[in-house]
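A.B. asks:
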Amino acid sequence: GNSVTQMEGPVTLSEEAFLTINCTYTATGYPSLFWYVQYPGEGLQLLLKATKADDKGSNKGFEATYRKETTSFHLEKGSVQVSDSAVYFCALLIYNQGGKLIFGQGTELSVKP
Amino acid sequence: DAGITQSPRHKVTETGTPVTLRCHQTENHRYMYWYRQDPGHGLRLIHYSYGVKDTDKGEVSDGYSVSRSKTEDFLLTLESATSSQTSVYFCAISDGSNRGTIGETQYFGPGTRLLVL
């Protein structure tokens with residue numbers, strides 16, 4: 005079946021530290037891959053996406069590369085800020101009557117000053 | 008921000024009562040979705056709609072029904088609420104115009120927090 009696995013949280017970092025949140029997936033066919041972010045008390049916002057192998061999505065200093073050979077889409081940022089504290093969700097999109105998003109369980113990130 | 012509103016934003020109800028949540032969009036998008044968010048599970052799809060009066064089940068549809076009589080509104084009904092349906096419910100929309108090329112982006116509403124006592 006289709007599934008997404010993210011690294012367990014919470015992740016606690018100091019400001020300006022390097023961030024990696026691991027995401028691996030299982031899917032039939034060639035899904036699109038997404039990272040969504042959820043700030044406290046809010047809905048989900050799209051952070052970045054990639055639609056085919058070797059594509060790199062980027063936004064707000066975050067990057068992730070679609071690796072078909074390792075079925076991974078790890079999220080990275082070179083220098084995190086306190087304002088990056090949020091829950092991050094990796095997801096894949098199934099193309100079937102409009103597309104269904106399959107989410108990982110989410111990884112909570114806390115950045116300390 | 009995509010024009011998506013959800014109502015109510017918070018609701019407390021008792022076991023066995025019916026509950027209806029509303030999602031309203033102003034984007035004229037074709038596709039609409041209902042997800043629930045629970046700790047340790049991420050978001051899971053309940054039902055989705057691919058047009059007026061066209062709906063289908065997601066992975067956790069038991070105990071829920073939906074209706075879409077207008078493009079802009081997608082209703083989620085809990086016929087007889089149970090404590091296991093205590094959750095945060097998110098509506099999402101997508102226009103479906105970019106399938107297979109740049110990929111569909113789903114835009115999410117602010118969520119409804121439901122507590123079933």
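Line by line, the protein sequences give chains A and B.
The C-terminal residue of the first sequence carries number 117 in my numbering, and the numbering is unbroken.
The C-terminal residue of the second sequence carries number 124 in my numbering, and the numbering is unbroken.
Think of the CB as a built atom: it goes at the ideal place given N, C-alpha and C, for glycine as much as any other residue.
If you reduce the DSSP assignment to three classes, tell me which class residue 86(A) lands in.
C.D. replies: As a working mapping, residue 86(A) is identified with position 82 in the first sequence. Looking at residue 86(A) - three-state DSSP - the assignment turns out to be helix.
A.B. asks: Sort 28(A), 56(A) and 63(A) by Cα distance to residue 49(A) and report the nearest one.
C.D. replies: Mapped onto the first sequence, residue 49(A) falls at position 45. Comparing Cα positions, the closest option is 63(A).
A.B. asks: Out of 20(B), 40(B) and 111(B), point me to the one whose CA is closest to residue 120(B)'s CA.
C.D. replies: Taking the first residue of the second sequence as 1, we reach residue 120(B) at position 113. Nearest option by C-alpha distance: 20(B).
A.B. asks: I need the straight-line Cα distance from residue 114(A) to residue 9(A), nearest angstrom please.
C.D. replies: The sequence position of residue 114(A) within the first sequence is 110, counting from 1. The sequence position of residue 9(A) within the first sequence is 5, counting from 1. Roughly 20 Å between the two C-alpha positions.
A.B. asks: What are the boundary residues of the beta strand (DSSP E) that includes residue 124(B)?
C.D. replies: The sequence position of residue 124(B) within the second sequence is 117, counting from 1. Counting along the chain, residue 124(B) falls outside any beta strand (DSSP E), and DSSP gives it neither H nor E.
A.B. asks: Quick check on the DSSP output: the beta strand (DSSP E) that includes residue 71(A) runs from which residue to which?
C.D. replies: Locating residue 71(A) in the first sequence gives position 67, where the first residue counts as 1. No beta strand (DSSP E) contains residue 71(A), which DSSP labels as neither H nor E.
A.B. asks: If contact means a Cβ-Cβ distance below 7 Å, which residues of the stretch 34 to 59 of chain A contact chain B?
C.D. replies: Per Cβ criterion, the list reads 36, 46, 47, 48, 50, 53 and 55.
A.B. asks: With 16 as the cutoff for other CB atoms within 10 Å, does residue 103(A) come out buried or exposed?
C.D. replies: Here residue 103(A) refers to the residue found at position 99 when the first sequence is read from its first residue. By the neighbour-count rule (16 or more Cβ atoms within 10 Å), residue 103(A) is buried.
A.B. asks: Please identify the residue among 60(A), 27(A), 77(A) and 74(A) whose C-alpha is closest to the C-alpha of residue 109(A).
C.D. replies: Within the first sequence, residue 109(A) is the residue found at index 105, counting from 1. Per the Cα distances, 27(A).
A.B. asks: Checking the sheet assignment: what are the DSSP bridge partners for residue 32(B)?
C.D. replies: To locate residue 32(B), count along the second sequence from 1; it is residue 25. Per DSSP, 11(B).
A.B. asks: So, is residue 88(A) buried or exposed, given that buried needs 16 or more other C-beta atoms within 10 angstroms?
C.D. replies: For the purposes of this step, residue 88(A) is taken as residue 84 along the first sequence, with counting starting at 1. Per the 10 Å Cβ criterion, buried.
A.B. asks: If you draw a straight line from the C-alpha of residue 63(B) to the C-alpha of residue 11(A), how long is it?
C.D. replies: Indexing the second sequence from 1 puts residue 63(B) at position 56. Indexing the first sequence from 1 puts residue 11(A) at position 7. The straight-line gap separating the alpha-carbon atoms of residue 63(B) and residue 11(A) is approximately 31 Å.
A.B. asks: Return helix, strand or coil for residue 91(B), following the three-state DSSP convention.
C.D. replies: The count along the second sequence starts at 1 and reaches residue 91(B) at position 84. Three-state result, residue 91(B): helix.
A.B. asks: Quick check: residue 54(B) and residue 38(B), are their CB atoms within less than 8 Å of each other?
C.D. replies: Taking the second sequence and counting its residues from 1, one reaches residue 54(B) at position 47. Taking the second sequence and counting its residues from 1, one reaches residue 38(B) at position 31. Contact: no.
A.B. asks: Between the C-alpha atoms of residue 15(A) and residue 76(B), what's the straight-line distance to the nearest angstrom?
C.D. replies: Along the first sequence, one-based indexing puts residue 15(A) at 11. Along the second sequence, one-based indexing puts residue 76(B) at 69. Between the alpha carbons of residue 15(A) and residue 76(B) lies a gap of roughly 44 Å.
A.B. asks: Return the residue from the list 51(A), 18(A), 70(A) and 52(A) that minimises the CA-CA distance to residue 58(A).
C.D. replies: Locating residue 58(A) in the first sequence gives position 54, where the first residue counts as 1. Looking at the Cα atoms, 70(A) is the closest of the given residues.
A.B. asks: Are residue 22(B) and residue 123(B) touching if we call contact CB-CB under 8 Å?
C.D. replies: Position 15 of the second sequence, counting from 1, holds the residue named residue 22(B). Position 116 of the second sequence, counting from 1, holds the residue named residue 123(B). Yes, they are a contact pair.
A.B. asks: For a cutoff of 8 Å on Cβ pairs, would you count residue 107(A) as touching chain B?
C.D. replies: In the first sequence, counting from the first residue as 1, residue 107(A) sits at position 103. Residue 107(A) counts as touching chain B.
A.B. asks: Taking the straight line between their C-alpha atoms, what separation do you get for residue 79(B) and residue 33(B)?
C.D. replies: If you number the second sequence from 1, residue 79(B) lands on position 72. If you number the second sequence from 1, residue 33(B) lands on position 26. One C-alpha to the other measures close to 6 Å.
A.B. asks: Find the nearest neighbour of residue 118(B) within the set 43(A), 19(A) and 35(A), judged by alpha-carbon distance.
C.D. replies: Translated into the one-based positions of the second sequence, residue 118(B) becomes position 111. Checked all of 43(A), 19(A) and 35(A); the closest Cα to residue 118(B) is 43(A).
A.B. asks: Comparing the C-beta of residue 62(B) with each C-beta of chain A, is any distance below 8 Å?
C.D. replies: Against the second sequence, residue 62(B) aligns to sequence position 55. False, the Cβ-Cβ gap to chain A never drops below 8 Å.
A.B. asks: Residue 44(B) and residue 94(B): beta carbons closer than 8 Å?
C.D. replies: Within the second sequence, the letter at position 37 stands for residue 44(B). Within the second sequence, the letter at position 87 stands for residue 94(B). For residue 44(B) and residue 94(B), yes; Cβs fall inside 8 Å.
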